[in-house]
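**Q** Residue numbers for the sequence shown follow the working numbering, beginning at 121 and rising by one.
Even for Gly, the Cβ is constructed at its ideal location relative to N, Cα and C.
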Amino acid sequence: MARSQRWCRFRSHTVLGALLVLSACQRPAQDETPPQPEAPAEAAPAEPAPAGRAEHADGPRWRTTFAFDERIRGDGASDLVEATPLVEVIDHIRGDARTVFAVHRRGAEPSLRIEQWRFATRGPAGMSATGEPEPLLRLDRDDPPAAGLQEFRVFAAVPGNKVLRRESGLDSVDALLASLAAASKTARDPAAAGADRVAALAELVADLDDALVLERDVLYRVLDTFAAGPPEIRTREELSARRARLLIDGGRGPRQIEALKLHEGWVLRDFRLPEAPADEGADEETP
Numbered sequence: 121m122a123r124s125q126r127w128c129r130f131r132s133h134t135v136l137g138a139l140l141v142l143s144a145c146q147r148p149a150q151d152e153t154p155p156q157p158e159a160p161a162e163a164a165p166a167e168p169a170p171a172g173r174a175e176h177a178d179g180p181r182w183r184t185t186f187a188f189d190e191r192i193r194g195d196g197a198s199d200l201v202e203a204t205p206l207v208e209v210i211d212h213i214r215g216d217a218r219t220v221f222a223v224h225r226r227g228a229e230p231s232l233r234i235e236q237w238r239f240a241t242r243g244p245a246g247m248s249a250t251g252e253p254e255p256l257l258r259l260d261r262d263d264p265p266a267a268g269l270q271e272f273r274v275f276a277a278v279p280g281n282k283v284l285r286r287e288s289g290l291d292s293v294d295a296l297l298a299s300l301a302a303a304s305k306t307a308r309d310p311a312a313a314g315a316d317r318v319a320a321l322a323e324l325v326a327d328l329d330d331a332l333v334l335e336r337d338v339l340y341r342v343l344d345t346f347a348a349g350p351p352e353i354r355t356r357e358e359l360s361a362r363r364a365r366l367l368i369d370g371g372r373g374p375r376q377i378e379a380l381k382l383h384e385g386w387v388l389r390d391f392r393l394p395e396a397p398a399d400e401g402a403d404e405e406t407p
């Protein structure tokens, strides 16, 4: 039963009248049961995040994947292709987009590639894939450097273009090394499922700084070093709370690496041959 605002309005004629008014406003109606608080619903238990990797509530919201899937379905290759986006760049002004995908094609040689796909963002049917995909990053030492990598870097650096990429989420240097080893092993395993291999490449790209991926194109060197398993750590130097330098011994001998803690987690920031003594000189690693 609703309370009368006129009856509950305070009037200061006499002290007795004020007390009666307060008593009437505070007393619940006899035929009305005070509402009971609802018991909170039990939340479903969250699935545990992978060891060492922080759980992200919202993953990247890729805009080009639907157009990619449409193109694959149109080619009649849906049952043969597994793919996942790695880096997406959208130019809203010119209606252009480019996405780097890890792609596995069953029966193809090589079956695993990292490709650049181009999209038109405006058209009668909305976003659509245009042209043919082209390899962009090297996964093997014998792969030639991609002609379109420099152009993609420039496109990603255009002011106003929206760049979306995967994030690390790793909470320690040790977790970073373990992730690099596990992902490299799966990516290099020809017997692994295609979906697992492209997912492994996605983890690798998330664990590497942009300079290693898009400027130095050293993903294949990381694979060479870590695919045989976790490397032996020879020396470890904590440069700060957010930087560490390590000398490791992996699949192709010793390498000097540097790990950096970004806002989203630890990434591999530098990867090179160890520094040689000044009198010996240091040779650059052959690409």
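#1: Keeping to the same chain, check which residues put their C-beta closer than 6 angstroms to that of L259; ignore five residues upstream and five downstream.
#2: Taking the alpha carbon of A347 as the reference point, which residue from L324, S198, P255 has its own alpha carbon closest?
#3: Taking three-plus beta-carbon pairs below 8 angstroms as touching, is the segment 324 to 339 in contact with the segment 376 to 387?
#4: If you scan the segment 232 to 317 from start to end, which runs of the beta strand (DSSP E) of 3 or more residues do you find wholly inside it?
#5: Where does P155 fall in DSSP's three states?
#6: Taking three-plus beta-carbon pairs below 8 angstroms as touching, is the segment 209 to 218 in contact with the segment 267 to 281?
#7: Do A266 and P253 have their beta-carbon atoms positioned less than 8 angstroms apart in this structure?
#8: According to DSSP, what are the bridge partners of S198?
#9: Does R354 pass the burial test, meaning 16 or more other C-beta atoms within 10 Å, or should it be called exposed?
#10: Once you ignore the five residues that flank A322 on each side, which residues in its own chain have a CB closer than 7 angstroms to its CB?
#11: Pick helix, strand or coil for T345, following the three-state DSSP scheme.
#12: Is the beta carbon of V333 sitting closer than 8 angstroms to the one on L257?
#13: Nearest to A277 by alpha carbon, out of S299, D337, A331, R372?
#14: Identify whether E378 lies in helix, strand or coil by the three-state DSSP scheme.
#15: For a test of the three-state rule: what should DSSP assign to T204, helix, strand or coil?
#16: Buried or exposed for P230, please, with buried defined as at least 16 other CB atoms from any protein chain shown within 10 angstroms of its CB.
#17: May I have the straight-line CA-CA distance separating D263 from R242, to the nearest angstrom?
#18: Are A187 and A249 closer than 8 angstroms when you measure CB to CB?
#19: Nearest to D216 by CA position, among R372, L343, M247, is which residue?
#20: Confirm, please, whether the CB-CB distance from A315 to T306 is below 8 angstroms.
#21: Check each candidate in A197, L366, D189 and name the one with the smallest Cα separation from L296.
#22: Assuming the contact rule is C-beta atoms closer than 8 angstroms, S304 and V342 should be a hit. Round their C-beta distance to whole Å, please.
#23: Roughly how many whole angstroms lie between the Cα atoms of D294 and L359?
**A** Result, derived from the coordinates:
#1: Y340
#2: L324
#3: yes
#4: 232 to 240, 248 to 257, 282 to 285
#5: Model confidence at P155 stands at a pLDDT of 46, short of 50, so the residue's coordinates are unreliable; what they give is reported in the following sentence. Note: P155 maps to coil in three-state DSSP.
#6: yes
#7: no
#8: Its beta-bridge partners do not exist; DSSP assigns none.
#9: exposed
#10: T204, L206, A222, R286
#11: helix
#12: yes
#13: A331
#14: strand
#15: strand
#16: exposed
#17: 34 angstroms
#18: yes
#19: M247
#20: no
#21: L366
#22: 7 angstroms
#23: 15 angstroms
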